[in-house]
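*Asks:*
Number of protein chains: 2
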Amino acid sequence: MTARRTPPRKPRKKGARSKAGAGKKAPQRSARRSAGAAPPQSQAHKPAGRRPARKTRAAARPSRAARRVFFFGDGRADGRAEMRETLGGKGANLAEMTRLGVPVPPGFTISSEVCAEFAAAGEIPDAVKRAALLALARVERSMGRRFGDAANPLLVSVRSGARVSMPGMMDTVLNLGLNRETARGLAARAGARFAYDSYRRFVQMFGDVVLGIPHDRFESRLEELKDARRTEHDTDLSAADWQALLLEYEEIVQERTGRPFPQDPHEQLWGAIAAVFRSWGNERARRYRQIHAIPGVWGTAVNVQAMVFGNMGDDCATGVAFTRDPSSGDKRFYGEYMVNAQGEDVVAGIRTPLPVNRASRSESSGDLPTLEERMPRAYRELVRIYKRLEKHYRDMQDMEFTIERGKLWVLQTRNGKRTANAAVKIAVDMAKEGLIDRGEAVARVDAESLDQLLHPTLDPAAVRDVVAKGLPASPGAAVGRIVLSADDAEAQSRAGEKVILVRVETSPEDIHGMDAAEGILTARGGMTSHAAVVARGMGKCCVAGCGALRVDYAAGEMRVGPRVFRAGDFITLDGSSGEVMAGEVPMVLPELGSAFGELMRWADRIRRVGVRTNADSPADAKLAREFGAEGIGLCRTEHMFFEPGQILAVREMILAPDAESRERALAKLLPVQQRDFEGIFAAMAGLPVTIRLLDPPMHEFLPHADEDIRAVAAALGAATATLRAKVDELREFNPMLGHRGCRLGLSFPEIYAMQVRAIAQAACAVEMRGVKVQPEIMLPLVSHVGELERLRALVEGELSAVLAAHPGVRVRPSIGAMIEVPRAALTADQLALHADFFSFGTNDLTQTGYALSRDDAGKFLPDYIEGGILHDDPFVSVDEEGIGRLMRIGVEGGRRTRPELKVGVCGEHGGDPKSIRFCAELGFDYVSCSPYRVPVARLAAAQAALSLGNPRRRA
Amino acid sequence: MTARRTPPRKPRKKGARSKAGAGKKAPQRSARRSAGAAPPQSQAHKPAGRRPARKTRAAARPSRAARRVFFFGDGRADGRAEMRETLGGKGANLAEMTRLGVPVPPGFTISSEVCAEFAAAGEIPDAVKRAALLALARVERSMGRRFGDAANPLLVSVRSGARVSMPGMMDTVLNLGLNRETARGLAARAGARFAYDSYRRFVQMFGDVVLGIPHDRFESRLEELKDARRTEHDTDLSAADWQALLLEYEEIVQERTGRPFPQDPHEQLWGAIAAVFRSWGNERARRYRQIHAIPGVWGTAVNVQAMVFGNMGDDCATGVAFTRDPSSGDKRFYGEYMVNAQGEDVVAGIRTPLPVNRASRSESSGDLPTLEERMPRAYRELVRIYKRLEKHYRDMQDMEFTIERGKLWVLQTRNGKRTANAAVKIAVDMAKEGLIDRGEAVARVDAESLDQLLHPTLDPAAVRDVVAKGLPASPGAAVGRIVLSADDAEAQSRAGEKVILVRVETSPEDIHGMDAAEGILTARGGMTSHAAVVARGMGKCCVAGCGALRVDYAAGEMRVGPRVFRAGDFITLDGSSGEVMAGEVPMVLPELGSAFGELMRWADRIRRVGVRTNADSPADAKLAREFGAEGIGLCRTEHMFFEPGQILAVREMILAPDAESRERALAKLLPVQQRDFEGIFAAMAGLPVTIRLLDPPMHEFLPHADEDIRAVAAALGAATATLRAKVDELREFNPMLGHRGCRLGLSFPEIYAMQVRAIAQAACAVEMRGVKVQPEIMLPLVSHVGELERLRALVEGELSAVLAAHPGVRVRPSIGAMIEVPRAALTADQLALHADFFSFGTNDLTQTGYALSRDDAGKFLPDYIEGGILHDDPFVSVDEEGIGRLMRIGVEGGRRTRPELKVGVCGEHGGDPKSIRFCAELGFDYVSCSPYRVPVARLAAAQAALSLGNPRRRA
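This is the structure in structure tokens:
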């Protein structure tokens, strides 16, 4: 029996990405499940075998035009790989494999056109039946068995196969051709237990799929039988047990349908084919098509194929093999097999599979016999075939095979899933081997999957005790002991403990604790909350807004429903999924091979879109540069303000009663900002650095809790009441739409003036050390040209003053606008007259353009995506038809009045491959993303150039 | 002396509208200041007089092509009204009046082209000087005086006059031609005091404007002189005083310029002309041109005109007259004059002016002698002239005149300012008299000004003790005693007191107090705060977000800076300006004459855009219908939820742990909503009613203060902790972008289902009473077509269920989307496939599209408008280039996929004339506004049709 099931592939969901993906794990069973990298295309084949019986009967072949039944087997096939429309994906690939000389069990495909005919007529056309019988006769000849023959019966599978894969959506019937008589014949040849087990499986499946009898009707009888035998395993049941069960099954059929179970194999065949055609129209399949925009008129083909069995005795086996190591990507044939077993046994994991060869041996399978040793002939043929298949498909293959009494059959080959690591290695190796060109190598690696190579991740094989889920606020994973205050975090971290800082929400007072912690977990706050923003800036794992969490500082514990975790208990965070887990989940650390560097170099030669990084510190800048960043696209100056040494001066500045005292406070900040900028300029020597002037509303810098207000007031020497009044005064109903961005710069020109002075002085200082500096000064939240005009004048004035004082220095900072308000995009033609560059802040543009607060959307956005109202989370991939249209209007408008306008994106979309492709299509000059996403962006940009047909250079 | 100054007209500001505008006030001096209605065009003239001396000298006239100096006087003029480009507005009008035979003092205009020649050459071209001297000779002949003649000197004024009026921006010199010698001559003819006063004024003005000597140099000497004479009035100074002062003035000139004051009148003349040309380029004029987009190349013309004097004795007078009553609009000649006075005296208000005729007499001027009685000949001529002028200009004229020794001179005529009331009456009367057609009558009345006819307003003449300013949250005015709680408001109101409810902010618990109060004042909250929204719904005056206010409930007082107001003290609110005043400011009540109804009927025949109202109650609906509303464009269902009887059930619904208990709570609300809808449908019989399903976020319905939470929990029988937790859970960072609108309908379909059932059942019930109902169900905050698709299905399902149960009823509700999110406008083509209508919520569209929270913008938006970054408040008039572009995209997109799509606007812009014009241009079907704005909208819509050249019918 060879019914290894293709696990249904779920509709791709962004949020669910990269759960798996082992870095260096020894390949074993879990490698199949851990493959995070979706191959560019997945082809599903069911192979056929035995050297062809060469005599063909021309008369049996209908004319090409009218052909609706396509035979494959014995090295010949009526179909080809290109005929997916007619044969469906599976049928086309079975034909292709057969043509390649791979031993695929013979069979035939009824074309998808018949699906519509069947739906219209309600029955299978006679001409199709006739052609099917002719093809069936060829299968019989090929297998040397006859359909319905009592002594040596041919059994077949009947499966659907649409133009595109719709895994698990339609029906399948296996072991068709069995009845009381043929079962007896099979028993004589292959043993009674096997034969009656097969027959009862067939009755159950046929009963469910064709006759419409709910399968639990059958299963409950099986359970009763196992209870009676006091066992939990089918394997403990005897042939007699199966025979007894069959009687009960036949009774169920009689009772439900008023007729005995059909004993005529042909009646079985037509019934199964009809059922598969019908299943094209079932509710599940319809819905799937709706979601994936698959036209209903396409229909499904039906594949009827000879069954082969790996569980007929010790000269039988079944297995799975990869043409290269799916975990490391190393070029070595790798696989597992089981003697006297069927595919399901491998999946079920009851028995331990054996290594096919020495190379496939792991620590745990050290001395077990290999297929190479036990069945050398079959192994040699498998080797011959894998080489042919990989060469033909020009990609690493994942093959399923069965050995029936020493004879090898290949049931399926498809592009194998692999870890990100392996994907890179295989693509680069294949390009070097000349199997593919470099462009294809670049195109093949899922850019998104690189993320797992760059952050430490949780061992995908490990058990996760997920206790709650929050927002995936900052990627990566972290394990540590719970601490409930920043001070504790710092103290315990100094003492060598790894800690996770758990807070209701964080504030600037917590920075030192966040810095000390491995990861941050908050009960409140969204993707742009203090915790999330600061954690991303630190490149630190963070799960925010975990609503189920109750943090009780007084009790020193956190609760999730009935579960209580005390300070000191271990928890684990997955910042990429938002999961919070109890205990310590093992981690996997990234390691970048030389193939990675090579692939990146090829990508760089191809792409047109530049890749910059969002970085606020010299350390981030350095890291990003190592990852290949070509500049800084977003340097947020406010993060500097949050630093412990500066926050007091910032608060003094906010509390200043007039411009003069504000300037005094700002004078304290200037040298610190300047020093930070010097560090960043030096780190990015020669590359452009876009600095965004102060953006967040003032209240973000002030304390909010009563005790904090008191403490800060004391530190500032201000009255508590004054501070509290200021905090109240600055509170806003909708901070996202409030007094922030360049509006602050207009209300308090002294602040921007100080920042520009710091930038200019830093630039001059670094240039005087002989390092080239390219500052780009960016004004945030511009919504009206009037704002830009005035602020540009202010910035230019400050720049001139500083530059005039440094006559030898040749820095020429450019001045641009952040486009993050719909109105800015809509009036881009006006703005461009006063902007040297635009940088799209697609995060805020999405929030405003969609009226969707990222911090609040948690209440309904997941339901929207789950419920199919939205297909993608617009904060992950740019919403092309809505927000994207604004971007298009913005770019086109801007370049209309200033054709040389430099345009980039600095929202988090800058690291999302789909969004990068969109930006490339719009003609953006660069994208900017977090340091860890830089390689993802480089690869995605190259792939965009390839798919848009405008690579800079064919690699 | 005739120097009545045209008060500088400020750049039009929306926020500053309709401060004045007396309704029924007896016309008196203040009528000039109280005119709120800006006439369609304002023409400034300086008239000329005395029957022409007929002999012309052909030789003196240069060829037409080369003419740069244009004479006017004696009934003849080289220029005409149409020659504004060449002569400037003033010059053209002086020429026009002269041609009409009006006695205008003669003079000549130097064309604006010379301005550029002067700027290029730095001097007046000789040819121009020659032509000016020839024209001056004609003036001399006309006046019978000679320029520089010691015995009978001609004095002239030199003034600027650009193509469009730039009031107060450029320079003027009066009394030019005086020197020691001519002053002596003048003294002989008109008295020494008059002559030397005139001369010293001239020296001061010439010194300032031409010689560049700061005028305070002269004024300080005058002050010293008055101190020495122990007087504050110029009138107490004698001729000798003036002569003494002149010596000092001449010294100042000598000292500052190194030369004596120029005694040669021609040198004076060329100097003054040059100075006026130069003043075109001064900083003030430049900035004014920048703001008003006036090209610098236009230049200014210069007008040189003979001076006439109303203060040479008792046979002299000066005055102002209107061709109709500027306060009531009644057709009667109305004016004031002063004997032996100059224009400045009228303005200064030191002496009381006299009525020109019996009709102009007021209570206070009952027995005073009229001009008609005192100078019957001049009065008769004035009557003859006013009739001619009104007929010629086809509008009510505001004339300035001077009588010099019995001889009448008209100095200026222009379209007179008038109250809104008068504007309506005059327009309608003139159309009936055949002076203008009905379209012009409709076009002439400032739509905005109607607002003051419809709300009670403060007496514009009253003194205002403004203590603070908040947001003008709901128009109208209110006077009452301060109360600090809703219960007090209710109790005192029952006791017959008029009260103003003053709160930090209001919540649903305060509704009964708001209802009882005359007006509402809050310290916090913006234009969409609870107080503002509810007050507007009630048509009640409200000033919100008055940040300077400190409300101390415990002390029972409110403070503004040092001023303390106790509960029970009187205050006055102006809901249109946001002003809070101490004490009781007198009010003026509206009264609509028959002319108003007539004008509205004419407007209705012309306009294409429908006018609906925003109304949430049968009372509002009825009121709006009386004001001419053609349907309801926005019926907010949540206001019903706030009603005392319902809020508890609403809270129960919000706290419901599951859909089932939510349905139970909703079942309580259904009959109440149904009853409300029945009332509204009945009130709007036959007209469409657009009902918006629940929109605001849930937390708006919950209490927030601790004590309120406790009270509500008790009333609901829920645990306080549960309620508090729910309040916390529902709190949002950016409610504007949060879980509201149709997002609620998707999260809690039971709510929308209940509302739709209530609508359908109400419609059926009312139809069964024989009243036609046209419900339109509107889904708020749609941002994605998926939302609309699903909710439309839900709404249709509920409708079908109810309608199926009422087989005899023929209601066919339509279903539409509110377009208030940028993304909705951007994807309108998709939305229109599932929407029968669009209603643009331009308020929220502005907030999201501009990233501008109306509640928070108070911190910077006023500065933006003040500072000229924005010219208009985008919440008052649609921002055409930004948000308007989204509207255009939305309408065009929607009609592309559904050409018959009905499109309206239901934001507050629906009542703003400028926005209505824009909507008409975009092809909107209707606008919807608050009941009191309906007449404004009807008139504005008609004016839009006229200005767009597509009136429905020429009235």
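Taken in order, these protein sequences are the chains called A and B.
Remember, my numbering sits 10 above the position in the first sequence when you count from 1.
Remember, my numbering sits 10 above the position in the second sequence when you count from 1.
From the three backbone atoms N, C-alpha and C, an ideal C-beta is built for every residue, glycine too.
#1: Considering Cα atoms alone, identify which of Ala202/A, Ala193/A, Gly201/A is closest to valine 213/A.
#2: With which residues is proline 482/A paired in a DSSP beta bridge?
#3: Going along chain A, which residues have a C-beta under 9 Å from arginine 800/B?
#4: Whole angstroms are fine: how far does the CA of serine 495/B sit from the CA of aspartate 520/B?
#5: At 3 residues or longer, and completely inside the segment 669 to 754 of chain B: list those beta strand (DSSP E) runs for me, N to C.
#6: Using DSSP with H/G/I as helix, E/B as strand and the rest coil, what is glutamine 953/B?
#7: Does DSSP put proline 961/B in a helix, in a strand, or in coil?
#8: How many whole angstroms separate the CB atoms of proline 706/A and arginine 750/A, which I take to be in contact at a CB cut-off of 8 Å?
#9: Rounding to the nearest angstrom, what Cα-Cα distance links alanine 63/B and alanine 952/B in this structure?
#10: Mind checking glutamine 857/A: buried by the 16 CB within 10 Å criterion, or exposed?
#11: Tell me which residues share the same chain as glycine 89/A and place their Cβ nearer than 7 Å to its Cβ, disregarding the 5 neighbours each side in the sequence.
#12: Pull the bridge partners of arginine 576/B from the DSSP assignment, please.
#13: Should the segment 737 to 752 of chain A be regarded as contacting the segment 636 to 653 of chain A, the criterion being three or more beta carbon pairs within less than 8 Å?
#14: Could you check if glutamate 431/B is buried or exposed, using at least 16 other CB atoms within 10 Å of its CB as the buried criterion?
#15: Using a Cβ-Cβ cutoff of less than 7 Å, which residues in the same chain neighbour valine 783/B once the five nearest sequence positions on both sides are dropped?
#16: Go ahead and pull the three-state DSSP assignment for methionine 215/A.
#17: Going along the chain, which residues of the segment 814 to 835 of chain A sit with their C-beta nearer than 8 Å to a C-beta in chain B?
#18: Assign alanine 327/A to one of three DSSP states: helix, strand, or coil.
#19: Kindly say whether arginine 173/A, judged by its beta-carbon, lies nearer than 7 Å to any beta-carbon of chain B.
#20: When you check each C-beta in the segment 845 to 866 of chain B against every C-beta of chain A, which residues fall closer than 8 Å?
#21: What three-state label does DSSP hand phenylalanine 850/A in the structure shown?
#22: Pairing CB atoms from the segment 922 to 937 of chain A with CB atoms from the segment 631 to 647 of chain A, are three or more of them under 8 Å?
#23: Just to confirm the assignment, what range does the alpha helix (DSSP H) spanning glutamate 876/B have?
#24: Using only alpha-carbon positions, find the residue among Arg288/A, Gly416/A, Gly309/A that is nearest to glycine 132/A.
#25: Between which two residues does the alpha helix (DSSP H) containing aspartate 439/B stretch?
#26: Kindly identify the DSSP beta-bridge partner or partners of leucine 164/B.
#27: Go through its chain and collect everything with a Cβ distance to alanine 41/A's Cβ below 6 Å, but skip five positions before and after it.
#28: Of all Cβ atoms in chain B, is any one closer than 7 Å to the Cβ of phenylalanine 743/A?
#29: What are the partner residues of valine 489/B, as DSSP defines its beta bridges?
#30: Would the beta-carbon of phenylalanine 928/B fall within 7 Å of that of glutamate 890/B?
#31: When we look at the beta-carbon of tyrosine 403/A and count the other beta-carbons within 10 Å, is it buried (16 or more) or exposed?
#32: Does the beta-carbon of arginine 240/B have 16 or more other beta-carbons within 10 angstroms, so that it is buried, or is it exposed?
#33: Where do the ends of the beta strand (DSSP E) carrying aspartate 562/B lie?
*Replies:* If we stick to the structure as given:
#1: Translated into the one-based positions of the first sequence, residue 213/A becomes position 203. When each option's Cα is compared against that of valine 213/A, the closest is Ala193/A.
#2: One-based indexing of the first sequence puts residue 482/A at position 472. In DSSP, proline 482/A forms a bridge with Val553/A.
#3: Within the second sequence, numbered from 1, the residue matching residue 800/B stands at position 790. Result: Gly877, Ile879.
#4: By one-based count along the second sequence, residue 520/B stands at place 510. By one-based count along the second sequence, residue 495/B stands at place 485. So the two alpha carbons sit approximately 8 Å from each other.
#5: Secondary structure remark: continuous beta strand (DSSP E) runs of at least 3 residues inside the segment 669 to 754 of chain B, in chain order: 698 to 702.
#6: Residue mapping note: residue 953/B aligns to position 943 of the second sequence, counting from 1. Looking at glutamine 953/B - three-state DSSP - the assignment turns out to be helix.
#7: Here residue 961/B corresponds to residue number 951 of the second sequence, with the count starting at 1. Three-state result, proline 961/B: coil.
#8: Start at 1 with the first residue of the first sequence, and residue 706/A comes out as number 696. Start at 1 with the first residue of the first sequence, and residue 750/A comes out as number 740. Taking 8 Å as the upper bound for CB-CB distance, proline 706/A and arginine 750/A are in contact here, some 6 Å apart.
#9: As a first step, residue 63/B must be located in the second sequence, where it is residue number 53. As a first step, residue 952/B must be located in the second sequence, where it is residue number 942. With a pLDDT of 43 at alanine 63/B, under the threshold of 50, the predicted position of this residue should be treated as unreliable, though the coordinate-derived value follows. Going by the C-alpha atoms only, they are around 49 Å apart.
#10: By one-based count along the first sequence, residue 857/A stands at place 847. By the 10 Å Cβ count, glutamine 857/A comes out buried.
#11: If you number the first sequence from 1, residue 89/A lands on position 79. Result list for glycine 89/A: Phe80, Phe82, Leu97, Gly101, Ala102, Ala105, Thr119, in chain order.
#12: Taking the first residue of the second sequence as 1, we reach residue 576/B at position 566. Beta-bridge pairing links arginine 576/B to Glu567/B.
#13: Judged by Cβ distances under 8 Å, the segment 737 to 752 of chain A makes no contact with the segment 636 to 653 of chain A, as fewer than three pairs qualify.
#14: Within the second sequence, the letter at position 421 stands for residue 431/B. For the record, residue 431/B in the displayed sequence is asparagine; it is not glutamate. Buried, by the Cβ-count rule.
#15: Within the second sequence, residue 783/B is the residue found at index 773, counting from 1. So the qualifying residues of the chain are Phe691, Ala773, Val776, Glu777, Val821.
#16: Your numbering for residue 215/A matches position 205 in the first sequence. Three-state result, methionine 215/A: helix.
#17: Against chain B - using a Cβ distance shorter than 8 Å - the residues of the segment 814 to 835 of chain A are Glu830, Val831, Pro832, Arg833.
#18: Within the first sequence, residue 327/A is the residue found at index 317, counting from 1. If DSSP states are grouped into helix, strand and coil, alanine 327/A belongs with the strands.
#19: In the first sequence, counting from the first residue as 1, residue 173/A sits at position 163. Chain B, which has no Cβ nearer than 7 Å to the Cβ of arginine 173/A, makes this no.
#20: Cβ proximity to chain A below 8 Å picks out Asp854, Gln857, Thr858, Gly859, Tyr860, Ala861, Leu862, Ser863, Asp865, Asp866 from the segment 845 to 866 of chain B.
#21: Taking the first sequence and counting its residues from 1, one reaches residue 850/A at position 840. Strand, per DSSP.
#22: With contact defined as three or more Cβ pairs closer than 8 Å, the segment 922 to 937 of chain A and the segment 631 to 647 of chain A are in contact.
#23: As a working note, residue 876/B is residue 866 in the second sequence. First-last of the alpha helix (DSSP H) with glutamate 876/B: 871 to 876.
#24: The residue given as residue 132/A occupies position 122 in the first sequence. Of Arg288/A, Gly416/A, Gly309/A, the residue nearest in Cα terms is Arg288/A.
#25: Translated into the one-based positions of the second sequence, residue 439/B becomes position 429. Looking at the DSSP string, the run of the alpha helix (DSSP H) that includes aspartate 439/B is 430 to 443.
#26: To locate residue 164/B, count along the second sequence from 1; it is residue 154. For leucine 164/B, the pairing in a beta bridge is given by DSSP as Phe157/B.
#27: For the purposes of this step, residue 41/A is identified with residue 31 of the first sequence, where counting begins at 1. Bear in mind that the predicted position of alanine 41/A carries a pLDDT of just 37, short of 50, making it too unreliable to give a figure here.
#28: Taking the first sequence and counting its residues from 1, the one referred to as residue 743/A is at position 733. Yes, phenylalanine 743/A counts as interfacial toward chain B.
#29: Within the second sequence, numbered from 1, the residue matching residue 489/B stands at position 479. The bridge partners DSSP lists for valine 489/B are Thr582/B.
#30: Along the second sequence, read from residue 1 onward, the residue named residue 928/B stands at position 918. Along the second sequence, read from residue 1 onward, the residue named residue 890/B stands at position 880. Less than 7 Å separates the beta-carbon of phenylalanine 928/B from that of glutamate 890/B.
#31: Along the first sequence, one-based indexing puts residue 403/A at 393. Counting C-beta atoms within 10 angstroms of its own C-beta, tyrosine 403/A has 16 or more neighbours from the protein chains shown and is therefore classed as buried.
#32: Counting from one through the second sequence, the residue named residue 240/B turns up at place 230. Under this definition arginine 240/B is an exposed residue.
#33: Counted from its first residue, the second sequence places residue 562/B at position 552. Following the DSSP letters along the chain, one finds aspartate 562/B inside the beta strand (DSSP E) bounded by residues 559 to 562.
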